[in-house]
Structures are given as structure tokens and as C-alpha cells.
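Residue numbers (our numbering): -8 to 317.
The C-beta atom is built at its ideal place from N, Cα and C for all residues, glycine as well.
This report concerns only the one structure given below.
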Amino acid sequence: MNRLNRILAAILAVQVVIAAVILWPRPSASSSGEPLLPGVTPERVVRVTIRNDDGQHITLARAGDGWVMPEADDYPVREKTVPDLLDKIVQVKAERLVTQTPDSHRRLQVAEDRYKRLIELELDDGSVQRLYLGTSPGYNATHVRAEGEDPVYLTSALSVQDAEVEARGWIETTYLEIPKDQIVALRLENANGVIELEKGEDGNWTLTDLAEGEEIDSSKAASLVSQAYYTTMLTPLGKEEKAEYGMDDPTAIVTARTRDEAGTEKTYTLRIGAHDPQSNSYVVISSESPYYVRVGAFAVKEFVEQKRGDLLKQPPTPEVTPTPSP
-8 MNRLNRILAA ILAVQVVIAA VILWPRPSAS SSGEPLLPGV TPERVVRVTI RNDDGQHITL
52 ARAGDGWVMP EADDYPVREK TVPDLLDKIV QVKAERLVTQ TPDSHRRLQV AEDRYKRLIE
112 LELDDGSVQR LYLGTSPGYN ATHVRAEGED PVYLTSALSV QDAEVEARGW IETTYLEIPK
172 DQIVALRLEN ANGVIELEKG EDGNWTLTDL AEGEEIDSSK AASLVSQAYY TTMLTPLGKE
232 EKAEYGMDDP TAIVTARTRD EAGTEKTYTL RIGAHDPQSN SYVVISSESP YYVRVGAFAV
292 KEFVEQKRGD LLKQPPTPEV TPTPSP
């Protein structure tokens, strides 16, 4: 081997060593199996905020033995939802390394300005740990990154679906439930007038002001009453009434009267306020809850639009007798 070849071989050897140093996975990052958020335990977390990069967020705070939504006057959260999330977060380990290159963060959607979810955990000492959830390259796999760190890992312990930004992912969505077999009367007031229905001894519904010659369509009346059985919410708003809720001039008021087997009567009221065209929803409040909530338009549309005449059977259209040709 001549002198030139020896020099070239030496240069090549140095390049191989440099490449190996740069590209060789770091044991402490890719295979250590250490928690991605060191020092975080479920017991230490006092507040959780989940965001997406569209500006939506939800905040959940510890309150005694449970969790609440502080931005909705401490509306209660379902019992095990937040603890289940925290258990999954602490199972996310620094293993299955995908990349250590910051330029990859946006592509994998774990960047500061582009992410699927950002989970912020406030601990009992006031410190905050943040975890980015990004794309899913396959079943049961999600890209994750801890704030302030470059490495991105794959995890099967946590997914974007586990970190819901909608309130309905954390709360009991049934807002009002009326015992359907006990409803004996329903009153509806909306822009089209007042409708009062009563249940007869035969189990059929009739209008209290049914005029001579009018005949009620009992199936339509029963359908209207059935809309009062359950009211499901999209999100709680809080206990304070606000002008934009439109309760000074409600869109509709539904009053249901029930009677149990002992003959005890009870009245339920649902006030339907302003419509929000952007979310296609209404604000409502029930006599059974101190909380104003937002419900989908589909849940109350029939109450808002119902007309008395639509509950009546229409007379048959008279047959037109063709006139014979001369």
C-alpha cells in the first residue's frame, strides 16, 4: 500500500468512527426504560390541562378525593377518568427511540407549535411537566416527547384518544333524566305558542285544549314527550347566569309533571336559551341542576320548533273527480 492509499484509509477510518459516535443510539435514551417524565406520580399531580393546536383545551383539577372542571365552577368529573389517564402517563418510558433530531418534531407533530396533544401536569410543589403527543405510525403506537428534550419515542401506554379535549370525554353527559313511565303531563312554550299535553287513562296523549273537529296524532304527541326523557350535554358552563345565555327571553320552556306509584307528583323544568350557530348548540338549565350547560341542537330542536298544528291529524285530501270531456 502506497503512502496515498494509507492516508485515504486513515481518513476513511476516522469518518467511520465519527459516524458511529453520532448515529449510535444512546443507551440512556433509547433503551433505559426510565419514565419519560421523572418525578411524576399520580398522587403528586394536582392539575391537568390538555390542549390541541387548534386552541381547544380542558383543565381538570384535584378536589378532595375527586376531580372537577375549575373553569365550569368545579363541575364534577367522572370518578376514574383522570386517575386512569395519570396511570397511563407514568407508564410512558424513554424507550423505543425514533429520533433525536429537532427538525423531526413538526413532522411527527410533537413540536411546540404543532402537536396532537399537549398535556400539562402541575405537581404538588408548583412545578409543571409537559408531554407532547403526536402522530400514530401504526396500531397502538404514538409518538411522544417531553418538553425541553429532543428525543422522540414511541409508546403503547398512551394515545391521543386518552387525552380528550372535549368535556364529554370526562363527565357524565346525562344532564337531565325524567322517569319516562311517570310523566303524566307536558307543557311546551316556544315562539309558536303554548302546547299542553296530558296522558289519558288509556296511555295515549291528548291536547288539553283539543277543539271539536280536531283529532290528535297520538304517535307525534308521544314522540314529542319522549324528547323530554333524557337531555345530554356537550359541556358544562358554570353556575353563573350570563346575558349571552339568553335566559331573559328563552327560546323554549319545557315543563314535565310526573306521578309515581304512591301518587306523589313532581315538576321538572328545562329552560332553553340562546342558540350558538357556530357550534349549533343551545344553552339550557334544568330545575334539577344549578349548572348551565350547552347541548347539541339535535337534543332540543323539536322543543324549539314544535307547532301545535303539527300534532293534529290532517283531514284527508279530497279526491278530484275528473271532468268528462264533452
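Under the rule that a run must span 3 or more residues, the beta strand (DSSP E) segments found entirely inside the segment 196 to 277 read 196 to 198, 221 to 223, 226 to 229, 243 to 250, 256 to 267, 272 to 277.
Closest by C-alpha distance to residue 174, out of 221, 152, 201, is 221. Rounded to the nearest angstrom, the Cβ distance from residue 115 to residue 37 is 5 Å, consistent with a contact under 8 Å. Cβ-Cβ separation between residue 176 and residue 248: approximately 4 Å, consistent with a contact (criterion under 8 Å). Taking a contact to require three or more Cβ pairs closer than 8 Å, the segment 258 to 269 and the segment 232 to 244 qualify as touching.
Unbroken beta strand (DSSP E) runs of no fewer than 3 residues, entirely contained in the segment 116 to 177, are found at 119 to 124, 133 to 137, 143 to 146, 165 to 168, following chain order.
By the 16-neighbour rule on beta-carbons within 10 angstroms, residue 306 is exposed. For residue 296, the enclosing alpha helix (DSSP H) covers residues 288 to 296. Per DSSP, the continuous beta strand (DSSP E) segment holding residue 90 begins and ends at 88 to 90.
Going by DSSP, residue 73 is part of the alpha helix (DSSP H) stretching over 72 to 80.
Residue nearest to residue 239 within the set 212, 193, 275 is 275 (criterion: CA-CA distance). Around the Cβ of residue 85, a 10 Å sphere holds 16 or more other Cβ atoms; the residue is buried. At least 8 Å separates the beta-carbon of residue 31 from that of residue 152. Per DSSP, reduced to three states, the secondary structure at residue 113 is strand. Counted as a single uninterrupted DSSP element, the beta strand (DSSP E) harbouring residue 48 occupies residues 48 to 54. When the five nearest sequence neighbours on each side are left out, the beta carbons in the same chain lying within less than 6 Å of the beta carbon of residue 138 are those of 121, in order along the chain. Only residues of its own chain outside the window of five on either side were considered, and among them 52, 65, 66, 67, 68 have a CB closer than 7 Å to the CB of residue 59, listed in chain order. Judged by DSSP secondary structure, residue 188 falls within the beta strand (DSSP E) whose first and last residues are 184 to 190. Residue 282 is bridged by DSSP to nothing; it lacks a bridge partner. The C-alpha of residue 211 is placed about 15 Å away from the C-alpha of residue 191. About 6 Å separates the CB atoms of residue 154 and residue 124; that is less than 8 Å, so the two are in contact.
Of all C-beta pairs linking the segment 202 to 210 to the segment 293 to 303, three or more are shorter than 8 Å, placing the two stretches in contact. Each of 257, 26, 233, 105 was checked against the Cα of residue 169, and the nearest Cα belongs to 257.
For residue 69, the secondary structure class from DSSP, reduced to helix, strand or coil, is coil. Beta-bridge pairing by DSSP links residue 42 to 48, 109.
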